[in-house]
Amino acid sequence: MTDVLIAGGGIGGLTAALALHARGIESTVLERASHLRPLGVGINLLPHAVSELFALGLGDDLSRLAVAPTSISYYDTEGNLLFREPRGVHGGYGYPQYSVHRGQLQMLLLSALRERLGPNAVRAAT
């Protein structure tokens, strides 16, 4: 029996389903697309988001997919450093900041969800 229906198999929907499952609440993700594929570009996951993914047991897999920048730097048009700010662990957080391809993150979440809830955890349009 499904307790919760989640509309959309994007990063948010898949993460919500994993988080609910971790709390003993069954869910089914309904996706409009006929199948999910790794689309998109790079995104940045801030440390508070990374901590949630670690709590869901995805930390090791995520760290293999992503890059952990240690700082962000801003330069003027002549190449002079204007400002540099440490990021993630180097910025004093308990978790790294990650830069990752959106589609790879989505596929990681989808794989984990299907492994934990079964192959029908995500129902795509037919």
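Here the sequence shown is numbered in the working numbering, starting from 204 and rising by one per residue.
Just so it is clear, CB atoms sit at the ideal spot from N, CA and C, and this is done for glycine as well.
Just so it is clear, the structure is predicted and the values come from calculations on it, not from any experiment.
Can R290 and P272 be called in contact, C-beta distance under 7 Å?
Their beta carbons are under 7 Å apart, which means R290 touches P272 by this criterion.
What does a CB cutoff of less than 7 Å around A269 pick up in its chain, not counting 5 residues either side in sequence?
Excluding positions up to five away in sequence, the list reads Y301, S302, V303.
Give me the residue from S276, Q309, E281, H224 with the minimum Cα distance to L248.
For the residues S276, Q309, E281, H224, the minimum Cα distance to L248 belongs to Q309.
Express the C-alpha separation of Y277 and N283 in angstroms, rounding to a whole number.
Their backbone Cα atoms lie some 8 Å apart in a straight line.
Am I right that H224 and R326 are in contact with their C-beta atoms under 8 Å? What's the rounded C-beta distance?
That belief does not hold up - the Cβ atoms of H224 and R326 are roughly 16 Å apart, past 8 Å.
State the beta-bridge partners of I246 as determined by DSSP.
In the DSSP output, where bridge partners are listed per residue, I246 has V303.
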